[in-house]
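Colleague: Quick note: to get the numbering used here, add 207 to the position in the sequence shown (first position is 1).
Glycine included, each C-beta is placed from N, C-alpha and C at the ideal position.
One structure, pasted below without further comment.
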Amino acid sequence: MVETLAEQLASTDYFYIIDAEGLNIEEINDFRRKCFQAGIVYQVVKNTLISKALEKLESEVDYSTFSDTVLKGFSGILFAKDIGSTPAKIIKEFRKQRRLESPFLKGASIDKELFIGEEHLDPLSQLKSKVELLGELIALLNAPITNVMASLQSGKHQLAGLMRALAAKEA
């Protein structure tokens with residue numbers, strides 16, 4: 208079990224550890240369904256197994272403080288494949304729809320950065336994917352070219368109008 212969990216942790220850049228204690232069976236199943244629909248894997252795992260799996264990771268990230276502060280009480284792991292903000296969005300949406308305060312964000316690892324505590328849920332839910340960021344970058348790079356082209360085209364019309372006005376004045 209530890210080996211499998213360590214492989215899952217090593218194969219993703221995004222995982223969240225949550226506390227879903229207090230949710231009933233129907234709520235847990237609904238939360239799992241929402242995760243599945245979004246391509247997120249949700250597993251409930253014992254803290255000692257998570258800690259041992261984190262120790263096995265060959266990473267430059269020091270998970271020891273993460274293990275000491277986050278791995279207490281009920282823990283579930285959300286694994287995201289492509290977009291690091293998806294689990295946070297699912298948690299927020301689930302809470303809003305169900306009018307609940309659970310599940311709680313205990314901690315997250317996003318692109319080798321650790322976020323510990325519930326206060327990081329809102330900022331994490333607003334993270335943009337790499338594709339979205341690249342799209343914004345391309346739009347920013349494209350904007351000056353578009354502005355220059357628009358100026359040149361409008362200048363052409365102004366110059367033509369000025370030439371007509373001068374020609375009409377001479378005639």
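Can the beta-carbon of residue 277 be found less than 8 Å from the beta-carbon of residue 299?
Modeller: no
Colleague: Nearest-angstrom Cα distance between residue 238 and residue 248?
Modeller: 11 Å
Colleague: Taking all protein chains shown into account, decide if residue 211 is buried (16 or more other Cβ within 10 angstroms of its Cβ) or exposed.
Modeller: exposed
Colleague: For residue 230, which residues in the same chain have their Cβ closer than 6 Å to its Cβ, ignoring the five residues on either side in sequence?
Modeller: Once the five neighbours on either side are set aside, the close Cβ partners of residue 230 are 309.
Colleague: Tell me whether the beta-carbon of residue 331 lies closer than 8 Å to the beta-carbon of residue 295.
Modeller: Yes; because the gap between Cβ atoms is below 8 Å, this pair is in contact.
Colleague: Below 8 Å on the Cβ atoms is my contact criterion, and I expect residue 250 with residue 290 to pass it. Report the Cβ-Cβ distance as a whole number of Å.
Modeller: The C-beta distance from residue 250 to residue 290 rounds to 19 Å, too long to fall under 8 Å, and the pair is not in contact.
Colleague: Whole angstroms are fine: how far does the CA of residue 333 sit from the CA of residue 345?
Modeller: 20 Å
Colleague: Expressed to the nearest angstrom, what Euclidean distance is found between the alpha-carbon atoms of residue 209 and residue 225?
Modeller: 19 Å
Colleague: Given this structure, state the Cα-to-Cα distance separating residue 281 from residue 253, to the nearest angstrom.
Modeller: 8 Å
Colleague: Which of the three DSSP states is assigned to residue 281 in this structure?
Modeller: Per DSSP, reduced to three states, the secondary structure at residue 281 is coil, with no helix or strand assignment.
Colleague: Should residue 238 be counted as a contact of the ligand NAP given a C-beta to heavy atom distance under 7 Å?
Modeller: The ligand NAP is not among the ligands present in this structure, which contains no ligands whatsoever.
Colleague: Output the residue ranges of the alpha helix (DSSP H) runs that lie fully inside the stretch 279-353 and measure 4 residues or longer, sorted by chain position.
Modeller: For the stretch 279-353, whole alpha helix (DSSP H) runs of length 4 or above, ordered along the chain, are 293-305, 328-332.
Colleague: List the endpoints of the continuous beta strand (DSSP E) containing residue 237.
Modeller: Here residue 237 belongs to no beta strand (DSSP E); instead the alpha helix (DSSP H) covers 232-244.
Colleague: So what's residue 209 in DSSP terms, helix, strand or just coil?
Modeller: helix
Colleague: Measuring straight from C-alpha to C-alpha, what distance separates residue 337 and residue 292?
Modeller: 11 Å
Colleague: Since residue 264 and residue 217 should fall inside the 8 Å C-beta cutoff, what is the C-beta to C-beta distance between them, to a whole number of angstroms?
Modeller: 6 Å
Colleague: According to DSSP, what are the bridge partners of residue 250?
Modeller: 284
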